[in-house]
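A.B. asks:
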Amino acid sequence: MQEMSWWAWLLLGVSIALAVAAVALFLRLRGQEEEATDQEPAPTAASKPATPADDARVAEANHQARLREASQSLQQCWFVVFDAPSAETSRRLAALLEARNALYDAELGVYYITSASARYQLTLAHSSSPGHLPPLHQSAETEVDGISVLIKFLNKRSVARHPDTFVDVVLAAQGIGGQILDGERQSLSPEAFRERFAAMQAP
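All residue numbers for the sequence shown refer to this note's numbering, where the first residue is 97 and numbers rise by one.
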């Protein structure tokens, strides 16, 4: 009887030990599964195809970036120097000023041209110091060897958005027979000058 009780207690102990081991193994495996689940990346939403509205926003963002770049590099003063100044070049310059409804400031000896967008103003003066232009609208017999074109603006981007008036005036003056010079007096061909500002107008 005592021997049977001893074996019974032994079997009971072994059974309990196996049960505890099984529970421990189950908990361990379950913990590993939960950890693996936590580490799995969350499913990402399927990318949507670009819509016309998205393309328009991208195009507008690119255009604004070009405007910022162009406005930052915009030089305020340009020159047109005539190759063979004469009374004829002065008369053609006077005709250009009249066509642009230029206003003459007798005290300063300069002409003012307002842009078509009315967002900036051009000041045309003599290319040489002190910059006084004669009243060509009254008499165009005085020879003028060149002009400076000064852009007066409150915001550079207003010029970058609407450079047409400025570009047209400079190219028209160059067409009289002269060279375009930038603010550092570096010569620029009409094509290079036009291309520099064409980027501002690109959509």
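Cβ atoms here follow ideal geometry from the backbone N, Cα and C, with glycine treated the same way.
Owing to the predicted nature of the structure, the values given are computational and were not obtained by experimental measurement.
Is serine 283 helix, strand or coil when you go by DSSP?
C.D. replies: As a working note, residue 283 is residue 187 in the sequence shown. Three-state result, serine 283: strand.
A.B. asks: Classify isoleucine 112: buried if its beta carbon has 16 or more other beta carbons within 10 angstroms, exposed otherwise.
C.D. replies: As a working note, residue 112 is residue 16 in the sequence shown. When all chains shown are included, isoleucine 112 counts as exposed.
A.B. asks: Is it a yes or a no for the segment 269-280 touching the segment 201-218, going by three-plus beta-carbon pairs under 8 Å?
C.D. replies: Contact between the segment 269-280 and the segment 201-218 is absent, because fewer than three Cβ pairs lie under 8 Å.
A.B. asks: Let's test the definition: count the other Cβ atoms within 10 Å of the Cβ of alanine 202 and tell me whether it reaches 16, buried, or not, exposed.
C.D. replies: Position 106 of the sequence shown, counted from the first residue, corresponds to residue 202. Alanine 202 is exposed by the Cβ-count criterion.
A.B. asks: Which one of Pro145, Pro148 and Cys173 has the shortest CA to CA distance from glycine 279?
C.D. replies: Here residue 279 is taken as the residue at index 183 of the sequence shown, counted from 1. Nearest C-alpha to glycine 279: Cys173.
A.B. asks: Extract the residue ranges of the beta strand (DSSP E) inside the segment 226-252, only unbroken runs of 3 or more that lie entirely within it.
C.D. replies: Listed in chain order, the complete beta strand (DSSP E) runs (minimum 3 residues) inside the segment 226-252 are 242-248.
A.B. asks: Hey, phenylalanine 249 and valine 240: beta-carbon distance below 8 Å or not?
C.D. replies: Taking the first residue of the sequence shown as position 1, residue 249 is located at position 153. Taking the first residue of the sequence shown as position 1, residue 240 is located at position 144. No, Cβ-Cβ distance for phenylalanine 249 and valine 240 is not below 8 Å.
A.B. asks: Take tyrosine 216 as the anchor and find which of Arg292, Phe262 and Ser244 has the nearest alpha-carbon.
C.D. replies: For the purposes of this step, residue 216 is taken as residue 120 along the sequence shown, with counting starting at 1. It is Phe262.
A.B. asks: Please name the residue, chosen from Pro226, Ala236, Ser213 and Ile243, that lies closest to aspartate 179 on a Cα-to-Cα basis.
C.D. replies: Walking along the sequence shown from the start, residue 179 turns up at place 83. Nearest of Pro226, Ala236, Ser213 and Ile243 to aspartate 179, Cα basis: Ile243.
A.B. asks: Within a Cβ cutoff of 6 Å, which residues of the same chain sit near arginine 290, ignoring the five residues on either side of it in sequence?
C.D. replies: On the sequence shown, residue 290 is found 194 positions in, with the first residue counted as 1. Closer than 6 Å at Cβ, skipping near neighbours: no residue.
A.B. asks: Return the bridge partner residues of glycine 273 from the DSSP annotation.
C.D. replies: By 1-based counting over the sequence shown, the position of residue 273 is 177. Answer is none; glycine 273 lacks a bridge partner.
A.B. asks: Out of curiosity, what's the CA-to-CA distance linking valine 177 and valine 245?
C.D. replies: Looking up residue 177 in the sequence shown gives position 81. Looking up residue 245 in the sequence shown gives position 149. Between valine 177 and valine 245, the C-alpha separation is close to 11 Å.
A.B. asks: Using a threshold of 8 Å, state whether the C-beta atoms of alanine 183 and leucine 232 are closer than that.
C.D. replies: Translated into the one-based positions of the sequence shown, residue 183 becomes position 87. Translated into the one-based positions of the sequence shown, residue 232 becomes position 136. No, Cβ-Cβ distance for alanine 183 and leucine 232 is not below 8 Å.
A.B. asks: What separation, rounded to the nearest whole angstrom, lies between the Cα atoms of leucine 284 and leucine 277?
C.D. replies: Translated into the one-based positions of the sequence shown, residue 284 becomes position 188. Translated into the one-based positions of the sequence shown, residue 277 becomes position 181. Roughly 6 Å separates the two Cα atoms.
A.B. asks: Can you tell me whether serine 225 is buried or exposed? The criterion is at least 16 other CB atoms within 10 Å of its CB, across all chains shown.
C.D. replies: Translated into positions along the sequence shown, residue 225 becomes position 129. Per the 10 Å Cβ criterion, exposed.
A.B. asks: What is the rounded straight-line gap between the Cα of glutamate 165 and the Cα of arginine 257?
C.D. replies: Numbered from 1 along the sequence shown, position 69 holds the residue referred to as residue 165. Numbered from 1 along the sequence shown, position 161 holds the residue referred to as residue 257. Its pLDDT being 48, under 50, glutamate 165 is placed unreliably in this model, and the value from its coordinates should be taken loosely. Going from the Cα of glutamate 165 to the Cα of arginine 257 covers about 12 Å.
A.B. asks: For leucine 192, is the classification buried or exposed, using 16 other Cβ atoms within 10 angstroms of its Cβ as the cut-off for buried?
C.D. replies: Numbered from 1 along the sequence shown, position 96 holds the residue referred to as residue 192. By the 10 Å Cβ count, leucine 192 comes out buried.
A.B. asks: What number of angstroms, rounded off, separates the C-alpha of aspartate 260 from the C-alpha of threonine 147?
C.D. replies: Position 164 of the sequence shown, counted from the start, is the residue given in the question as residue 260. Position 51 of the sequence shown, counted from the start, is the residue given in the question as residue 147. For aspartate 260 and threonine 147, the distance between alpha carbons rounds to 33 Å.
A.B. asks: Name the two residues that bound the continuous alpha helix (DSSP H) containing glutamine 199.
C.D. replies: Taking the first residue of the sequence shown as 1, we reach residue 199 at position 103. Here the sequence assigns leucine to residue 199, which means glutamine is not the residue at that position. No alpha helix (DSSP H) contains leucine 199, which is instead part of the beta strand (DSSP E) from 199-201.
A.B. asks: Give a single yes or no on whether alanine 180 has its beta carbon closer than 7 Å to a heavy atom of the ligand SAH.
C.D. replies: As for the ligand SAH, it is missing from this structure, which has no ligand bound.
A.B. asks: DSSP on alanine 221, reduced to helix/strand/coil?
C.D. replies: Indexing the sequence shown from 1 puts residue 221 at position 125. Three-state DSSP puts alanine 221 in a strand.
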